[in-house]
Amino acid sequence: MNKHEPTQRTYLGIPVPRPKVAFFELSSCEGCQLQLVNNETTLLNFLSLVDIRAFREAMTEKYDDYTIAFVEGSVTRSDEIERLKKIRATAAVLVAFGSCACFGGVNQLKNRFQDPAWVKKEVYGSHPIETNDTARPLEDFVKVDLKIFGCPVKKEEVEKIVTNVVLGKTIVAPKYPVCMECKANENTCLFDLGEPCLGPITRGGCDSWCPNSRFGCWGCRGPAVDANVEQMQEVMKKHGFSEETMLDRLECFGGFAGHAAEMRNNIKAK
Amino acid sequence: MKVTQTIDIKHITRVEGHGNIKISIRDGKVEEATWEVVETPRFFEAMLVGKKWENAPWICGRICGICSIGHTLASIRAVENAFGIVPTGQTGKLRLLLKHMETLQSHVLHLYFLAAPDFVNAGSVFPLIESHPDVIKRAAKIKLLANDLCDCVGGRRMHPTRTVVGGFTMLPAKGELLKFKYRLQDVVDDLTRTAELFRQFSVPDFSRETEFVSLKGSGEYPFIGGELVSTDGVVRREHEYRLMTNEYMVGQSTSKWSKLSRQSFAVGALARLNNNFSFLHPAAKELSLSFGLKPVNHNPYMNNIAQLVECVHIVMESIDLINGMLDREWQESRQRVVPKEGIGVGAVEVPRGILYHCYEFDKEGRIVRSDCVIPTSQNHANIQHDLTALAEQYAREGKKDRDIELLAQMLVRSYDPCISCSVH
Ligand code: SF4
Ligand code: SF4
Ligand code: SF4
Chain L
370 MNKHEPTQRT YLGIPVPRPK VAFFELSSCE GCQLQLVNNE TTLLNFLSLV
420 DIRAFREAMT EKYDDYTIAF VEGSVTRSDE IERLKKIRAT AAVLVAFGSC
470 ACFGGVNQLK NRFQDPAWVK KEVYGSHPIE TNDTARPLED FVKVDLKIFG
520 CPVKKEEVEK IVTNVVLGKT IVAPKYPVCM ECKANENTCL FDLGEPCLGP
570 ITRGGCDSWC PNSRFGCWGC RGPAVDANVE QMQEVMKKHG FSEETMLDRL
620 ECFGGFAGHA AEMRNNIKAK
Chain Y
3 MKVTQTIDIK HITRVEGHGN IKISIRDGKV EEATWEVVET PRFFEAMLVG
53 KKWENAPWIC GRICGICSIG HTLASIRAVE NAFGIVPTGQ TGKLRLLLKH
103 METLQSHVLH LYFLAAPDFV NAGSVFPLIE SHPDVIKRAA KIKLLANDLC
153 DCVGGRRMHP TRTVVGGFTM LPAKGELLKF KYRLQDVVDD LTRTAELFRQ
203 FSVPDFSRET EFVSLKGSGE YPFIGGELVS TDGVVRREHE YRLMTNEYMV
253 GQSTSKWSKL SRQSFAVGAL ARLNNNFSFL HPAAKELSLS FGLKPVNHNP
303 YMNNIAQLVE CVHIVMESID LINGMLDREW QESRQRVVPK EGIGVGAVEV
353 PRGILYHCYE FDKEGRIVRS DCVIPTSQNH ANIQHDLTAL AEQYAREGKK
403 DRDIELLAQM LVRSYDPCIS CSVH
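These protein sequence lines map, in sequence, to chains L and Y.
Heads up: the first sequence at position 245 corresponds to 614 in our numbering, and the numbers run straight through without jumps.
Heads up: the second sequence at position 421 corresponds to 423 in our numbering, and the numbers run straight through without jumps.
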């Protein structure tokens with residue numbers, strides 16, 4: 370029994386359902402989970418909204434009766450596939466939580482090497498170590514109902530999404546690019562400061578987190594709808610940035626995997 | 003009656019990452035006591051090969067969500083050391099302030115949310131939200147201050163956006179810093195109350211002679227760069243870190259292990275305190291002594307108290323740092339970076355102990371090889387030897403006030419391990 374059975378929430382006298390949620394992590398930095406406990410002002414409110422059934426990073430008790438599963442991290446070892454399938458079988462809603470889960474995240478940077486044996490040897494020498502050849506997003510193995518993008522995810526966005534799930538509203542990720550938010554924030558464009566930025570092609574929703582700090586976007590949230598990667602490349606070129614600079618950003622988090630692979634091949638062919 | 007007990011904990015909770023504890027005692031004899039690390043490796047050191055220098059801090063910060071600032075700073079320092087860039091005084095101070103706030107938020111997270119529940123027989127901090135709301139509010143207040151100040155200096159509390167090789171992309175507004183100074187002064191009292199809380203907890207009675215490794219202070223309690231030291235008397239230069247870490251692989255772990263003068267050593271708050279006690283802020287020193295904590299202390303559970311002492315030191319020093327910044331005009335925030343062929347090492351004290359990043363560059367500034375040695379991987383062997391000694395003590399003396407199952411988990415938690423970081 371959960372010793373700490375939370376009190377029933379009501380809104381205008383009507384009981385509001387508290388969904389049973391659980392958090393899990395595969396291969397990750399655990400940063401997306403941490404983002405949730407990292408906003409102290411709204412943490413307690415958030416906790417009252419949901420009934421947390423498993424959260425290994427924070428609690429010892431765990432229960433297998435969750436409805437919504439937030440899964441962080443990418444799949445990099447065969448045992449993780451089994452864990453993921455079990456979670457899928459239990460949860461009504463499976464959320465890919467953060468860019469590692471959505472696209473492979475930084476972990477998929479090892480996928481660019483032709484020889485997986487070299488990757489192992491570079492880090493572990495001759496010591497045997499079990500790992501899959503590539504780091505993969507969740508949807509390569511199970512059905513994903515909802516994706517929350519970002520490396521890390523943005524807490525405010527997560528809270529909004531969870532609230533909408535509770536209230537049964539549909540959830541749509543922004544279709545517009547980071548650039549829109551950046552312009553609304555009245556930032557000086559980084560290209561005018563001599564810095565590269567993927568804001569024009571990256572999905573918004575982070576409120577132009579990086580450009581607000583005068584740091585160019587690296588595309589952590591993947592492509593915006595209608596992202597024109599070729600045009601982006603022209604802009605980069607016009608401002609004197611090499612293909613390598615563009616590629617580094619394009620391939621960093623896995624959201625542009627197809628474009629990045631193509632570009633890598635083109636560079637190699639030259 | 004002689005103790006007979008078997009413990010098999012898969013994925014110990016309230017730690018970062020995945021590890022298992024196995025203990026088997028039969029008729030007062032320890033048959034097995036094992037600390038297993040089963041985390042999946044992510045291969046950061048391979049990922050970096052062929053990448054330009056500016057990728058390193060941005061990618062390496064993602065080794066760990068909890069100490070992303072520490073990784074970013076160690077990575078930046080390694081690149082700067084390789085290219086011969088010396089940070090300006092202003093950059094150095096801002097980095098230290100940022101680093102301090104990460105340490106403060108991490109220590110508070112560990113003390114209140116991960117360690118404290120064990121002392122009050124709770125499985126998590128969540129029931130405490132209802133039973134001890136004021137305690138939780140206090141923890142949240144300190145953490146919030148630390149995180150907000152990280153946002154202010156680093157652009158973002160996790161995976162910072164303003165920290166770059168050469169300095170900062172942007173500087174904090176002085177008016178903001180002034181407000182933070184008042185908030186820092188305000189939490190001094192909250193830390194006193196935190197100390198009162200921890201004074202009520204009984205620290206398990208256990209110790210084992212250990213070698214402690216950290217940065218070596220010269221004039222101040224060290225956090226970023228400098229010489230390396232051990233309580234067994236070893237002193238090395240920063241770039242000689244490999245002679246300090248001596249990594250090797252073992253079957254029970256996907257993380258590497260380390261050793262120096264003995265079969266294992268420890269890093270972390272207790273190690274820093276044991277090596278640099280004299281450089282603590284007077285208020286921190288006084289607090290330490292009031293807990294009977296002075297060098298060289300060999301009780302691993304005292305790492306919790308050492309973290310508390312560091313919180314006080316950090317808050318006091320951060321107030322001084324801000325005062326210094328408010329007294330001066332801002333200088334240029336960022337230096338030009340010219341890549342150079344060569345090797346650079348960055349050693350930084352992150353919450354869980356000393357962290358090293360090392361990169362070798364070709365003449366265009368592309369990474370040829372990289373190596374990151376994580377605090378928790380340096381601690382794994384020591385956790386193993388502590389666990390064996392703890393099980394033996396328990397088998398010999400029997401149950402006292404706590405069961406071995408709890409003691410073993412508390413031991414691992416007292417190291418505040420960051421396991422996914424150790425298998426990066
Ligand atoms: S998406 Fe980024 S922040 Fe989230 S777990 Fe992956 S590496 Fe960490
Ligand atoms: S800085 Fe980036 S996101 Fe902002 S306007 Fe320029 S290109 Fe767009
Ligand atoms: S600006 Fe770009 S890299 Fe930064 S958080 Fe937003 S999408 Fe991610």
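Each residue gets a CB set at the ideal place from its N, CA and C atoms; glycine is no exception.
Since we're looking at a predicted model, the values are computed, not measured.
Would you mind telling me which residues of chain L sit closer than 8 angstroms to residue i, beta carbon to beta carbon, in chain order?
| i | result |
| --- | --- |
| Y/M160 | G400, L403, Q404, N407 and P521 |
| Y/T171 | S582, R583 and F584 |
| Y/R64 | C398, G400, G474, V475 and C520 |
| Y/S70 | C398 and G400 |
Can you list the residues of chain Y that residue i reaches, using a CB-CB cut of under 7 angstroms?
| i | result |
| --- | --- |
| L/K479 | F45, A48 and M49 |
| L/D617 | K53, K54 and N57 |
| L/Y493 | M251 |
| L/R452 | Neighbours of L/R452 on chain Y: none; closest Cβ ~11 angstroms, over 7 angstroms. |
| L/E555 | The premise fails here: L/E555 is roughly 15 angstroms from chain Y at the closest Cβ pair, so nothing lies under 7 angstroms. |
| L/V488 | F45 and A48 |
Need the endpoints of the alpha helix (DSSP H) that residue i sits in, please.
| i | result |
| --- | --- |
| Y/G400 | Counting along the chain, Y/G400 falls outside any alpha helix (DSSP H), and DSSP gives it neither H nor E. |
| Y/S422 | I421 to S424 |
| L/V534 | K524 to V535 |
| L/R452 | S447 to T459 |
| L/C469 | S468 to F472 |
| L/R583 | Taken as a continuous stretch (DSSP letters only), L/R583 belongs to no alpha helix (DSSP H), as it is neither H nor E. |
| Y/I61 | N57 to C62 |
| L/E550 | V547 to A553 |
| Y/E41 | First-last for Y/E41: undefined, no H or E at that position. |
| L/D617 | E612 to L619 |
So residue i contacts chain L; which residues on that side make the cut at Cβ distance below 9 angstroms?
| i | result |
| --- | --- |
| Y/G157 | W578, C579, N581, S582, R583 and F584 |
Since residue i is in the beta strand (DSSP E), which residue starts that stretch and which ends it?
| i | result |
| --- | --- |
| L/F393 | K389 to E394 |
| Y/G348 | G344 to V352 |
| L/H628 | That residue, L/H628, is in no beta strand (DSSP E); its alpha helix (DSSP H) goes A626 to A638. |
| L/I517 | L515 to I517 |
| Y/I369 | I369 to V375 |
| L/E399 | Element bounds for L/E399: n/a, residue is neither H nor E. |
| L/V598 | Element bounds for L/V598: not the beta strand (DSSP E) but the alpha helix (DSSP H), V598 to K607. |
| L/V441 | The sequence shown places Glu at residue 441 of chain L, rather than the Val named in the question. From DSSP, the beta strand (DSSP E) with L/E441 extends over I437 to E441. |
| L/Y493 | Not the beta strand (DSSP E): L/Y493 falls in the alpha helix (DSSP H), residues P485 to Y493. |
| Y/R330 | Unbroken run through Y/R330: none, as it is neither H nor E. |
| Y/G355 | G355 to F363 |
| L/A423 | D420 to F424 |
What residues of chain Y sit near residue i, judged by a beta carbon separation below 8 angstroms?
| i | result |
| --- | --- |
| L/H496 | M251 |
| L/N446 | Reading off the sequence, residue 446 of chain L comes out as Arg, not Asn. Ordered by position in chain Y, the residues that pass the 8 angstroms Cβ test against L/R446 are T42. |
| L/L613 | Note that residue 613 of chain L corresponds to Glu in the displayed sequence, not to Leu. In chain order: K54. |
Using a cut-off of 7 angstroms between C-beta atoms, extract the partners of residue i located in chain L.
| i | result |
| --- | --- |
| Y/W60 | W587 |
| Y/T256 | I498 |
| Y/R164 | S582 and F584 |
Chain Y partners of residue i, CB-CB under 9 angstroms?
| i | result |
| --- | --- |
| L/E449 | T42 |
Contact set, ligand 2 heavy atom to C-beta under 6 angstroms
This selection yields L/V547, L/C548, L/C551, L/K552, L/N556, L/C558, L/L559, L/F560, L/C566, L/G568, L/P569, L/S577, L/P580 and L/C586.
Complete beta strand (DSSP E) runs within the region 145-231 of chain Y (minimum length 3 residues, chain order):
Annotation: the region 145-231 of chain Y contains the following complete segments of the beta strand (DSSP E) (minimum length 3 residues), in chain order: 213-217.
Let me know the alpha helix (DSSP H) ranges lying completely inside the region 242-304 of chain Y, each 4 residues or longer, listed in chain order.
The alpha helix (DSSP H) runs lying completely inside the region 242-304 of chain Y and spanning 4 residues or more are 243-247, 271-278 and 284-292, given in chain order.
I'd like the ranges of any beta strand (DSSP E) spanning at least 3 consecutive residues and lying wholly in the region 6-36 of chain Y.
Runs of the beta strand (DSSP E) inside the region 6-36 of chain Y: 7-11 and 21-28.
Please determine if the region 175-194 of chain Y and the region 236-252 of chain Y are in contact, where contact requires at least 3 C-beta pairs separated by less than 8 angstroms.
Segments in contact, no.
Ranges of the beta strand (DSSP E) found wholly within the region 64-137 of chain Y, counting only runs of at least 3
List check, beta strand (DSSP E) in window: nothing returned.
Specify whether the region 526-542 of chain L and the region 472-482 of chain L touch according to this definition: at least 3 beta carbon pairs, one from each stretch, less than 8 angstroms apart.
Three or more Cβ pairs closer than 8 angstroms define a contact, and the region 526-542 of chain L falls short of that threshold against the region 472-482 of chain L.
Take every Cβ of the region 311-330 of chain Y, pair it with every Cβ of the region 33-50 of chain Y, and state whether three or more of those distances are shorter than 8 angstroms.
Under the three-pair Cβ rule at 8 angstroms, the region 311-330 of chain Y does not count as touching the region 33-50 of chain Y.
Any chance the region 297-313 of chain Y sits against the region 203-223 of chain Y, with 3 or more Cβ pairs inside 8 angstroms?
These segments touch.
Does the region 172-184 of chain Y come into contact with the region 136-143 of chain Y, if we say contact requires no fewer than three beta-carbon pairs (one atom in each stretch) closer than 8 angstroms?
Counting Cβ pairs under 8 angstroms, fewer than three are found: no touch.
Check whether the region 109-120 of chain Y touches the region 308-315 of chain Y, taking contact to mean three or more Cβ pairs, one atom from each stretch, closer than 8 angstroms.
The region 109-120 of chain Y is in contact with the region 308-315 of chain Y.
Stretch-stretch touch, CB-based, cutoff 8 angstroms, three pairs: the region 468-478 of chain L with the region 622-635 of chain L
Three or more beta-carbon pairs separated by less than 8 angstroms link the region 468-478 of chain L to the region 622-635 of chain L, which places the two stretches in contact.
Between the region 546-554 of chain L and the region 572-585 of chain L, do three or more beta carbon pairs fall short of 8 angstroms?
Yes: the two stretches touch, three or more of their Cβ pairs being nearer than 8 angstroms.
Three or more beta-carbon pairs under 8 angstroms between the region 376-384 of chain Y and the region 251-266 of chain Y, yes or no?
Yes, they touch.
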